[in-house]
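Worksheet: the structure to be examined is printed underneath.
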Ligand code: SDX
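In this note's numbering, the protein residues as written are 283 to 666.
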């Protein structure tokens, strides 16, 4: 019940600007996304993860020497200390892969002699080490879960190719590599989403970057955020056959369930990343497994129904997570790794925002409008 003195409250900080930034722009009305000014489609068509990470961290595309330098730094850092591999093995089959990623990433700080060095130069070096090693951790989580030993990285491979090599113990096919190149670029950055904001809140206290990134991983895990890619493909598998799609969606909506992979706090039109992923998925159909073709047919029917029912009328459209699942499956990625891969890619956006924010740091400390009682008298327990 609002009282006269009640201030304007924006729950979930909906519509609230907390800072300026030049890292990423999300145009929710027009359905556009820019990384440091470049439209996402130009990067997904032409770039690779090393170049995109450099762009996000430094604010401009690298020249050849700069690209070679970040490529070398990422390659040099990708090997995991034995203690980190032991954590992954110990938690394997006992914990959710996002919990393993969160724990192993946090533990990386014990192996970084610069962890307490808050200089911009050290934070840039730590960012590159974190971006490199989070992918190695995710690959190792997948490799150990499949019963394989730690696959030592191959420094001669690109970032994404090495990820797939460490995951599967074999060089990837051209198709898988190209799919995952796009997925790593597309998931890298998205302005002040919940996990980026969580990263900034942690770093705004001047905690180190490992603490800040650990906070980001924790936030991304939730099904309302990064966990939706796994949840939406589980829904598609539960639907089972394309002809079951409409009845499944209708009854879910009737039961007030949210359909994972749809809707967005900022996009009130088609998520441009969903468009790109959907195009890839359709291009893949001719040489995909029966499962991928079935999931794609279900996804397209679900999209049609959801757009008819909730698109124009409610601003609920497919988001980045909806078509991602079938694409990852086409690349041979197990469902449990969908969100960890999202995190490994988004580490570049998290670090870019953190380095930017620290240039003009301000502790995050919002207010709550207190509605409880005050000045109560303490009552001893035998009188309660
Ligand atoms: C990501 O912020 C980012 O940038 C995030 C992200 C990134 O790259 O970092 O883009 C990645 O997190 C994408 C979103 C992934 N999450 C999901 O797909 C989960 C399903 N989507 C919903 O939970 C929801 O759409 C959110 C959480 C994404 C956004 O929700 P809001 O802005 O908090 O809106 P809301 O939950 O208040 O919904 C408003 C109305 C409600 O109906 P009413 O109660 O008003 O009648 O729309 C309905 C909701 O029930 N609604 C949905 C729906 N999403 C919203 N109804 C059915 N299915 C849905 N998916």
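Cβ coordinates follow ideal geometry from the N, Cα and C atoms, glycine included.
Identified DSSP bridge partners for residue i
| i | result |
| --- | --- |
| residue 307 | 316 |
| residue 544 | 600 |
| residue 321 | 316 |
Pair within 7 Å by beta-carbon distance, residue i and residue j
| i | j | result |
| --- | --- | --- |
| residue 298 | residue 292 | yes |
| residue 463 | residue 442 | yes |
| residue 414 | residue 506 | no |
| residue 622 | residue 379 | yes |
| residue 313 | residue 653 | no |
| residue 527 | residue 583 | yes |
| residue 352 | residue 336 | yes |
| residue 571 | residue 543 | no |
| residue 459 | residue 639 | no |
| residue 457 | residue 620 | no |
| residue 531 | residue 587 | yes |
| residue 384 | residue 541 | no |
| residue 461 | residue 574 | no |
| residue 310 | residue 548 | yes |
Inter-residue CB distance, residue i and residue j (contact presumed, cutoff 8 Å)
| i | j | result |
| --- | --- | --- |
| residue 485 | residue 494 | 4 Å |
| residue 386 | residue 412 | That pair is no contact at about 11 Å. |
| residue 444 | residue 565 | That pair is no contact at about 25 Å. |
| residue 501 | residue 477 | 4 Å |
| residue 553 | residue 602 | 5 Å |
| residue 332 | residue 440 | 7 Å |
| residue 676 | residue 455 | Residue 676 falls outside the range modelled here, since the chain spans only 283 to 666, and no answer is possible. |
CB contact below 7 Å: residue i versus chain D
| i | result |
| --- | --- |
| residue 549 | Within the model displayed, chain D is absent; a lone protein chain is all it includes. |
Any non-hydrogen atom of the ligand SDX closer than 6 Å to residue i Cβ
| i | result |
| --- | --- |
| residue 506 | yes |
| residue 466 | no |
| residue 635 | no |
| residue 625 | no |
| residue 547 | yes |
| residue 586 | no |
| residue 540 | yes |
| residue 598 | yes |
| residue 620 | no |
| residue 544 | yes |
| residue 520 | no |
| residue 510 | yes |
| residue 441 | no |
| residue 569 | no |
| residue 405 | no |
| residue 475 | yes |
Neighbourhood of residue i by C-beta, 8 Å cutoff - its chain only, sequence neighbours within 5 removed
| i | result |
| --- | --- |
| residue 637 | 339, 402, 405, 406, 409 |
| residue 593 | 599 |
| residue 392 | 365 |
| residue 650 | none |
| residue 492 | 387, 388, 390, 391, 394, 397, 408, 412 |
| residue 590 | none |
Residue i CB to nearest heavy atom of the ligand GDP below 6 Å
| i | result |
| --- | --- |
| residue 603 | As presented, the structure is devoid of the ligand GDP, carrying the ligand SDX as its sole ligands. |
Spatial neighbours of residue i in its chain, beta-carbon cut-off 6 Å, leaving aside the 5 residues before and after
| i | result |
| --- | --- |
| residue 469 | 624, 627, 628 |
| residue 488 | none |
| residue 663 | none |
| residue 668 | Outside the shown range of the chain, which is 283 to 666, sits residue 668, and nothing can be said about it. |
Contacting residues, own chain, Cβ-Cβ under 7 Å from residue i (five flanking each side not counted)
| i | result |
| --- | --- |
| residue 448 | 418, 421, 422, 425, 433, 435 |
| residue 428 | none |
| residue 396 | 404, 407, 408 |
| residue 325 | 317, 334, 467 |
| residue 605 | 556, 559, 560, 563, 581 |
| residue 518 | 577, 580, 581, 607 |
| residue 329 | 467 |
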